[in-house]
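Protein chains in written order, with the numbering used here: chain A, 14 to 106; chain B, 14 to 106. We treat Cβ as the ideally placed atom computed from N, Cα and C, and that holds for glycine. The structure appears right after this line, and notes come after that.
Below you can see the structure in the form of structure tokens.
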């Protein structure tokens, strides 16, 4: 059975985020001076064929750790995509 | 008052996603042959100082449309970050 997940990979807090700074720097010229703390990360969607949701989650966790993120500088979290816009959150690290 | 949001920018369905294909292509060599439909997009966190949540959402919507995404090839959705891992979804397009 196929299970859909989202993985969100973001820089660890405190690390400089040049992409976020670039976005933040463009905003005042467009009229927004009220936006702050912009951080840019990656968003990955995937489908895992597994017998159970638990098995699928543990595989996605390993994929996120080994392939999708750099654990030295990045955090990730896994979101299970349940039907119809209802999400269950699994915070990781 | 500050409102925190996440914006998720992803390629429109049907468009070729080279980053997703690269991830999918590396998985079999790592032992996963059960993963499919990998799509890679952007995840942006930001804080907006606004009087009301509605005002903040409409500003984030405009920022996502004009600055964070390319509406020709990308969709976006805005997630309001409520306290403690509980999310409210606003599907956009």
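- For residue 53 (chain A), the secondary structure class from DSSP, reduced to helix, strand or coil, is strand.
- Taking the Cβ atoms as the reference, residue 66 (chain A) lies roughly 17 Å from residue 45 (chain B), outside the contact range of under 8 Å.
- Setting aside the 5 residues that flank it on each side, residue 89 (chain A) is surrounded in the same chain by 20, 21, 22, 77, 81, 82 and 105, each with a C-beta closer than 7 Å to its C-beta; the list follows chain order.
- No Cβ of chain A is located within less than 8 Å of the beta carbon of residue 66 (chain B).
- Between residue 24 (chain A) and residue 86 (chain A), the C-beta spacing is below 8 Å.
- The three-state secondary structure of residue 39 (chain A), taken from DSSP, is helix.
- Under the Cβ criterion of 8 Å, residue 34 (chain A) is not counted among the residues facing chain B.
- Annotation for residue 91 (chain B): the continuous beta strand (DSSP E) segment containing it runs 87-94.
- Residue 49 (chain B) has a beta carbon lying within less than 8 Å of a beta carbon in chain A.
- By alpha-carbon distance to residue 50 (chain B), the top candidate from B:84, B:37, B:75 and B:70 is B:37.
- Within chain A, the C-beta atoms nearer than 9 Å to that of residue 52 (chain B) come from 56, 57, 58 and 59, in chain order.
- In terms of beta-carbon proximity, residue 24 (chain A) stays away from the interface with chain B, with every pair separated by 8 Å or more.
- Burial check for residue 79 (chain B): the Cβ neighbour count within 10 Å stays below 16, so the residue is exposed.
- Under the three-state reduction of DSSP output, residue 62 (chain A) falls in the strand class.
- At a cut-off of 8 Å between beta carbons, residue 94 (chain A) makes no contact with chain B.
- Here the C-alpha atom of residue 17 (chain A) lies approximately 6 Å from the C-alpha atom of residue 93 (chain A).
- Under the Cβ criterion of 8 Å, residue 82 (chain A) is not counted among the residues facing chain B.
- The C-beta of residue 62 (chain A) comes closer than 8 Å to at least one C-beta of chain B.
- Residue burial annotation: residue 75 (chain A) is exposed, with fewer than 16 other C-beta atoms found within 10 angstroms of its C-beta.
- Within 8 Å of the CB of residue 79 (chain A), the CB atoms of chain B belong to 43, in sequence order along the chain.
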